[in-house]
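J.:
Residue numbers (our numbering), protein chains in the order written: chain A, 266 to 521; chain Z, 266 to 521.
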């Protein structure tokens, strides 16, 4: 994980980025020795870099003395294009759907062979799901993922279809069956999953398009049962997807 | 803004952090020359650092060639303690209140002389507000801020009371009147504002306490009118605040 392909050389800049690289969702809190080992740099160097990162606020120290990502990087991360554009426009629409259905609602974009979840709305009445903001999940086992995969370039589809692994006993791992499903997603205008990512959770998702009708994201809803209110759910998602498209158009000064 | 007090010396680490420091909510998208000028480093140095940051994904380039904060820093920022602890626990409670009231709901913590908004839930039916995730607003002109200020150390209260500036014509700028309000917040268990931050918006807020009854955050709701349903709003907020406290206790292995 640490110091992998993206490490930009052995410069000081490279080492400071290698230190930050040691933090991920399974390593949120680390001791100095862990950081040095995982970044593959000597302990005194790690100590010096961590001290600079602490002073700046990129890292913070917990009560136990372990290092964690600090408030300053959280502030900076919120400025990222991925956070400010589509996500901010979509947010109130997600809340509207949630208030109407109490289902978990989320929006995801294509990120290599994964669906990257930009935002998620869930209350205590919602079905528990694995996705969270920033989570990446397979394209073939999620509703939003199937929408994104159906509209993805052929090369990506082939790459994903060549490597289908069961997440649950219900995950579709037959390439020909999944290919049929993707064709249906294009034809019907929505995708669905039945306990293919999480047991007890089903999902419905629709594409979000931009002014040139390119699919730029997928809007999905997770419920315990698909049969009840399926058409109403699809309708709510499609109305919201249209609303997001119009908000993007009016923000960019265009008119529908 | 750039290269201010927190700049950790003129080391390479310091310069790379100074580059990141040039990005803020008013400078989300910058050209290389802007970055070099605002970071106070020579253009060739800025070019080299920006190249490393681009390669790693800390920065990204927009279609127009300007630099923006990249997806990798967004990923890292989501790992911050400020994002993973209280915010994750509080999130479903915020959605529950929103679904019940359709009011804008938010949670904030003390950050120096400001209230830092950790999360916010708002739909299209909500009153427009200025707060967003990561926003910092004055303690004396917001509902959540008054709760935090009422429970803050005396030194901070004195500092804030010595520097009251009107945000709207209704902002309380009399130290003695504000002192009276803070005493009432402690006595009544909630704070309120009437168009003191934004015209047309009123707010109600209650404290969130931890296992030792320390106030660690404030939970607030923004509505167009306080008179209607005020007691019901306070009740909903207090139930949620208790729920957040219990969730934190059970996560940390304690029992109420």
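Just so it is clear, CB atoms sit at the ideal spot from N, CA and C, and this is done for glycine as well.
Determine, using beta carbons only, whether residue 481/Z comes closer than 8 Å to chain A.
T.: So no, residue 481/Z is outside the interface.
J.: To the nearest angstrom, how far is the alpha carbon of residue 334/A from that of residue 361/Z?
T.: Their Cα atoms are separated by approximately 29 Å.
J.: Short of 9 Å Cβ to Cβ, which residues in the segment 322–355 of chain Z face chain A?
T.: Answer set for the segment 322–355 of chain Z: 322, 323, 325, 327, 333, 334, 335, 336, 337, 338, 339, 340, 341, 342, 343, 344, 345, 346, 347, 348, 349, 353.
J.: What is the DSSP secondary structure of residue 490/Z, reduced to helix, strand or coil?
T.: Here residue 490/Z sits in coil by DSSP.
J.: How would you write the range of the alpha helix (DSSP H) that residue 349/A sits in, first residue to last?
T.: 346–349 is the span of the alpha helix (DSSP H), which, as asked, contains residue 349/A.
J.: If we ignore side chains and look at the alpha-carbon of each, how far apart do residue 272/Z and residue 283/A end up?
T.: With a pLDDT of only 42 at residue 272/Z, under 50, the local geometry of the prediction cannot be trusted, and the value read off the model is given with reservation. Spanning the two alpha carbons is a distance of roughly 20 Å.
J.: With distance defined between alpha-carbon atoms, name the residue in 510/A, 417/A, 429/A nearest to residue 441/A.
T.: Minimum Cα distance to residue 441/A is reached at 429/A.
J.: Rank 277/A, 306/A, 422/A, 331/A by C-alpha distance to the C-alpha of residue 295/A and give the top, closest one.
T.: The shortest C-alpha separation from residue 295/A is found at 331/A.
J.: Within 8 Å, do at least three Cβ pairs link the segment 459–471 of chain A to the segment 398–407 of chain A?
T.: At 8 Å Cβ cutoff, the stretches touch.
J.: For the alpha helix (DSSP H) holding residue 298/Z, just list the boundary residues, first then last.
T.: Here the alpha helix (DSSP H) through residue 298/Z covers 297–304.
J.: What's the gap between the Cα of residue 341/A and the Cα of residue 450/Z?
T.: The alpha-carbon atoms of residue 341/A and residue 450/Z are separated by roughly 34 Å.
J.: Does residue 442/A get closer than 8 Å to chain Z when you measure Cβ to Cβ?
T.: So, not an interface residue.
J.: Can you confirm whether the segment 364–374 of chain Z touches the segment 351–358 of chain A when touching is taken to mean that 3 or more C-beta pairs between the two stretches lie within less than 8 Å?
T.: Flag = no, the segment 351–358 of chain A and the segment 364–374 of chain Z do not touch.
J.: For residue 512/Z, which three-state DSSP category applies?
T.: Helix, per DSSP.
J.: Using CA atoms only, rank isn't needed, just tell me which of 508/A, 502/A, 512/A is closest to residue 366/A.
T.: Nearest C-alpha to residue 366/A: 502/A.
J.: Is there a Cβ of chain Z sitting closer than 8 Å to that of residue 361/A, yes or no?
T.: Yes, contact with chain Z.
J.: Does any CB atom of chain A fall closer than 8 Å to the CB of residue 357/Z?
T.: Judged by the 8 Å Cβ criterion, residue 357/Z is in contact with chain A.
J.: Tell me the rounded alpha-carbon separation between residue 419/A and residue 385/A.
T.: Using only the alpha carbons, I get a separation of about 28 Å.
J.: Name the two residues that bound the continuous beta strand (DSSP E) containing residue 428/A.
T.: Careful: residue 428/A lies outside any beta strand (DSSP E) and carries neither H nor E.
J.: In terms of residues, what are the limits of the beta strand (DSSP E) holding residue 473/A?
T.: Note, residue 473/A: beta strand (DSSP E), 467–474.
J.: Contact criterion: CB-CB distance below 8 Å. Does residue 276/A meet it with respect to chain Z?
T.: Residue 276/A counts as touching chain Z.
J.: Given residue 317/Z, which residues of its chain have a CB within under 8 Å of its CB, disregarding the five upstream and five downstream residues?
T.: 281, listed in sequence order.
J.: According to DSSP, is residue 405/A helix, strand or coil?
T.: Of the three classes helix, strand and coil, the one that applies to residue 405/A here is coil, per DSSP.
J.: Find out if the Cβ-Cβ distance for the pair residue 425/Z, residue 472/Z is shorter than 8 Å.
T.: No, the Cβ-Cβ distance between residue 425/Z and residue 472/Z is not below 8 Å.
J.: Which residue's Cα is closest to the Cα of residue 481/A: 381/A, 399/A, 436/A, 487/A?
T.: Comparing Cα-Cα distances from residue 481/A to each of 381/A, 399/A, 436/A, 487/A, the minimum goes to 381/A.
J.: Is any beta-carbon of chain Z found at less than 8 Å from that of residue 266/A?
T.: Unreliable placement is indicated for residue 266/A, whose pLDDT of 40 sits below 50; the coordinate value is still reported in the next sentence. No, residue 266/A does not count as interfacial toward chain Z.
J.: Who are the neighbours of residue 389/Z on chain A, taking C-beta pairs under 7 Å?
T.: Result: 357, 361.
J.: Would the segment 293–311 of chain A and the segment 305–317 of chain Z be scored as touching if the rule is three or more Cβ pairs under 8 Å?
T.: Cβ pair count under 8 Å is below three, so no.
J.: What in chain Z is Cβ-close to residue 493/A, meaning under 7 Å?
T.: Those within 7 Å of residue 493/A in chain Z number zero; the least Cβ separation is about 19 Å.
J.: Can residue 447/A and residue 414/A be called in contact, C-beta distance under 8 Å?
T.: Contact: yes.
J.: Just checking: is the beta-carbon of residue 510/A within a distance shorter than 8 Å of some beta-carbon in chain Z?
T.: Residue 510/A does not count as touching chain Z.
J.: Which residue from 303/Z, 288/Z, 348/Z, 344/Z puts its Cα closest to that of residue 325/Z?
T.: Nearest option by C-alpha distance: 288/Z.
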